[in-house]
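K.L.:
In UniProt numbering, the protein residues as written are 1 to 502.
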RNA sequence: GCUCCCAUCGUCUAGCGGUCUAGGACGUCGCCCUCUCACGGCGAAAACAGGGGUUCGAGUCCCCUUGGGAGCGCCA
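1) Taking residue 104 as the reference, give the member of 41, 455, 430 with the closest Cα.
2) Can you grab the Cα-Cα spacing for the pair residue 58 / residue 331, in whole Å?
3) Do three or more CB pairs link the stretch 439-446 to the stretch 475-492 at distances below 8 Å?
4) Where does residue 415 land, buried or exposed, given buried means 16+ other C-beta within 10 angstroms?
5) Nearest by alpha-carbon distance to residue 48: which of 367, 229, 336 is it?
6) Quick check on residue 420: buried or exposed, where buried means 16 or more other Cβ atoms within 10 Å of its Cβ?
7) Would the beta-carbon of residue 294 fall within 8 Å of that of residue 355?
8) Taking the beta carbon of residue 221 as the centre, do at least 16 other beta carbons fall within 10 Å, making it buried, or is it exposed?
9) Drop a sphere of 10 angstroms on the beta-carbon of residue 498, count the other beta-carbons inside from all chains shown, and report buried for 16 or more, exposed for fewer.
10) Consult DSSP for residue 43 and reduce its assignment to one of helix, strand or coil.
11) What are the uninterrupted segments assigned as beta strand (DSSP E) that are 3 or more residues long and contained completely in the stretch 129-179, given in chain order?
12) Do residue 471 and residue 404 come within 8 Å of each other at the CB atom, strictly closer than that value?
13) What are the boundary residues of the beta strand (DSSP E) that includes residue 37?
14) Select from 148, 358, 327, 124 the residue whose C-alpha is nearest the C-alpha of residue 263.
15) In the DSSP assignment, find the unbroken alpha helix (DSSP H) run with residue 243 in it and report its ends.
16) Check whether the Cβ atoms of residue 39 and residue 77 lie closer than 8 Å to each other.
17) Go through its chain and collect everything with a Cβ distance to residue 503's Cβ below 7 Å, but skip five positions before and after it.
18) When burial is assigned at 16 or more other CB atoms within 10 Å of the CB, is residue 199 buried or exposed?
19) If you count every other CB in all the chains shown that lies within 10 Å of the CB of residue 277, and 16 or more means buried, which is it?
20) Mind checking who residue 191 pairs with in its DSSP beta bridge?
21) Mind checking which residues open and close the alpha helix (DSSP H) that includes residue 225?
22) Quick check on the burial criterion: 16 or more other C-beta atoms within 10 angstroms. Buried or exposed for residue 164?
23) Go ahead and pull the three-state DSSP assignment for residue 261.
24) When the Cα atoms are used, what is the spatial distance from residue 352 to residue 359?
25) Can you check whether the CB of residue 426 is closer than 8 Å to the CB of residue 387?
26) What residue does the beta strand (DSSP E) around residue 204 start on, and which one ends it?
27) Classify residue 116 as buried or exposed, calling it buried when 16 or more other Cβ atoms lie within 10 Å of its own Cβ.
28) Taking only the alpha-carbon atoms, compute the straight-line gap between residue 434 and residue 97 and give it to the nearest angstrom.
29) State buried or exposed for residue 166, treating a residue as buried only when at least 16 other CB atoms are found within 10 Å of its CB.
30) With a Cβ-Cβ cutoff of 8 Å, do residue 88 and residue 36 count as a contact?
31) Please return the same chain residues whose Cβ sits closer than 6 Å to the Cβ of residue 381, not counting the five positions on each side in sequence.
32) Starting from the C-beta of residue 496, find all residues in its chain whose C-beta is less than 8 Å away, skip the five residues before and the five after it, and write them out in chain order.
33) Should residue 160 be labelled buried (16 or more other beta-carbon atoms within 10 Å of its own) or exposed?
34) Which same chain residues end up closer than 6 Å to residue 176 when comparing Cβ atoms and leaving out the 5 residues on each side of it in sequence?
35) Answer yes if the stretch 180-197 comes into contact with the stretch 104-113, meaning at least three C-beta pairs across the two stretches below 8 Å, and no otherwise.
36) Using 8 Å as the threshold, is the C-beta distance between residue 126 and residue 155 below it?
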């Protein structure tokens, strides 16, 4: 059953009444801006959808308006509860909230049918009995002759009495055949179609269910949506929807079709490079505020500014500044921005971020799905040094491996190179000095190491690198003395002893 | 094939006829800082797709070409 997972959010199917109320309120509020995000629950919330949601959210907030959420689940075959849950979860993680209850498009089917009935009665729509095979032939011959492939309107003015027996008809819009259909788009500008290029689209399927094209128009109208901001893959739909608005005598909302996001290679985003669900970005170690900041700059700009707090982007966001050309998704820049937000993030917050993705990424690293309290405490105290050099939460976790590594430590290639015989002999010198320390602190270990360096006429680095290798098993780490402080006296000394000359 | 949209450094973009010898950011490459790596600082290489117009003047306006993209379903 669809919707069980989110049944509590479900809206009653008897909507007309409720929407009448909404519209009355709209009149009272005069200039209230209402946007909507309308994903179809056939998969996760992908990155393009996330940006569309973000733009709608920003625009509504910018103008003190509301952003509504509508699940376009009229495709009963492909809509799933899991997808709905993933979309809601993704929006939540990104911090994008919506106003009012979630509207499920399918629940509004009766209203959609009623609207079509009205169109039928007013002669703006008609029954069409053309078979799938006829339609296919039309398309083929049109393409063959270099004409636009479209329905030829053969039932447009035909007497319904001529209907073949036993065939359930669809209902088509009686679209204008002359003149032009114009969409004044806030991003794309004025876009014009010759009506002869557009055919009579299907409003109601032969099983009586409403099509997307019809449902969108009716719902946007009933929900009193003032601004439709969506991907420009809908630009041609906008023309057909405009025709429906016209037939209904309704004023269309303001349209803004934003360019799509492409993969790094310029092709359409695929699962291989970026069309991941937003929850995948969470497991990849990105922070939601970083993803938002990255996304908002894809297509939209505000002078030379790159970093925007939520307040800043809300205050500055404007449709006029949205570009018309598609952008490519660039992980390098996302990482850079993520690094920026990581450095700024609260230490405890980052530990929490690690904990949330641990079930997915912990096992691969020899960690469980949860953090034991001792390690959590170490992570927290090492965090200032750790977050300074990590670009993702994953890097954070990996760079902290010395905190959860077991003795004797395995050395990576560079650490092995560092710990040659000379280095190990120097380690012995340092060890004896470190052992004399009574109060184990970063300041005191640093003092000890520097004393040894002075006495032996060595550069600090000649002692620090072997120590680092011994303590962390790697050639890079946070500040050495911070590492020792977090590790504690016993563990630190033991790790050094492990690497002494045989 | 048809319709529509797009075109400034590798990438995201600023530029809304003269202030452009085209600015910023990411990435790349140097140098500095330095116990490593990051961070930070300084510097470098790097773009107006091509061709026609319009104009005193074009990255900015128009047209064409080329190259991308989207749509063309009883999917959304």
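Glycine included, every Cβ here is placed at the ideal spot set by N, Cα and C.
P.N.:
Taking the geometry as given:
1) Its Cα nearest to that of residue 104, the residue 41 stands out among 41, 455, 430.
2) A direct Cα-Cα distance of roughly 23 Å separates residue 58 from residue 331.
3) Because the criterion of three Cβ pairs below 8 Å is met, the stretch 439-446 and the stretch 475-492 touch.
4) Its Cβ being crowded by 16 or more others within 10 Å, residue 415 is buried.
5) Measuring from the Cα of residue 48, the nearest candidate turns out to be 229.
6) So residue 420 counts as exposed.
7) No, the pair does not count as a contact, with Cβ atoms beyond the cut-off.
8) Residue 221 comes out buried.
9) Classification for residue 498: exposed.
10) In this structure, residue 43 counts as coil in the three-state DSSP scheme.
11) For the stretch 129-179, whole beta strand (DSSP E) runs of length 3 or above, ordered along the chain, are 170-173.
12) No. Outside cutoff.
13) In the DSSP assignment, residue 37 falls within the unbroken beta strand (DSSP E) covering 34-37.
14) Closest by alpha carbon: 327.
15) Residue 243 -> alpha helix (DSSP H) spans 235-248.
16) No, these two residues do not count as a Cβ contact at 8 Å.
17) In the structure as shown, the chain begins at 1 and stops at 502. Residue 503 is therefore absent and cannot be evaluated.
18) Residue 199 should be labelled buried.
19) Label assigned to residue 277: buried.
20) In the DSSP output, where bridge partners are listed per residue, residue 191 has 183.
21) No alpha helix (DSSP H) contains residue 225, which DSSP labels as neither H nor E.
22) Under this definition residue 164 is an exposed residue.
23) Secondary structure of residue 261 (DSSP, three-state): strand.
24) Within the model, the alpha-carbon separation for residue 352 versus residue 359 is close to 13 Å.
25) No, the pair does not count as a contact, with Cβ atoms beyond the cut-off.
26) 202-204 is the span of the beta strand (DSSP E), which, as asked, contains residue 204.
27) Residue 116 counts as buried, since no fewer than 16 other beta carbons sit within 10 angstroms of its beta carbon.
28) If I take the Cα positions, the gap works out to 54 Å.
29) That one is exposed.
30) Contact: no.
31) Annotation for residue 381: 486 place their beta carbon closer than 6 Å to its own, counting only its chain and skipping 5 residues before and after.
32) Contacts found: 427, 430, 431, 434, 467, 470, 471.
33) Around the Cβ of residue 160, a 10 Å sphere holds fewer than 16 other Cβ atoms; the residue is exposed.
34) Non-local beta-carbon contacts of residue 176 in its own chain, meaning distances under 6 Å to residues more than five positions away in sequence, involve 195 in chain order.
35) Cβ pair count under 8 Å is below three, so no.
36) Yes, the Cβ-Cβ distance between residue 126 and residue 155 is below 8 Å.
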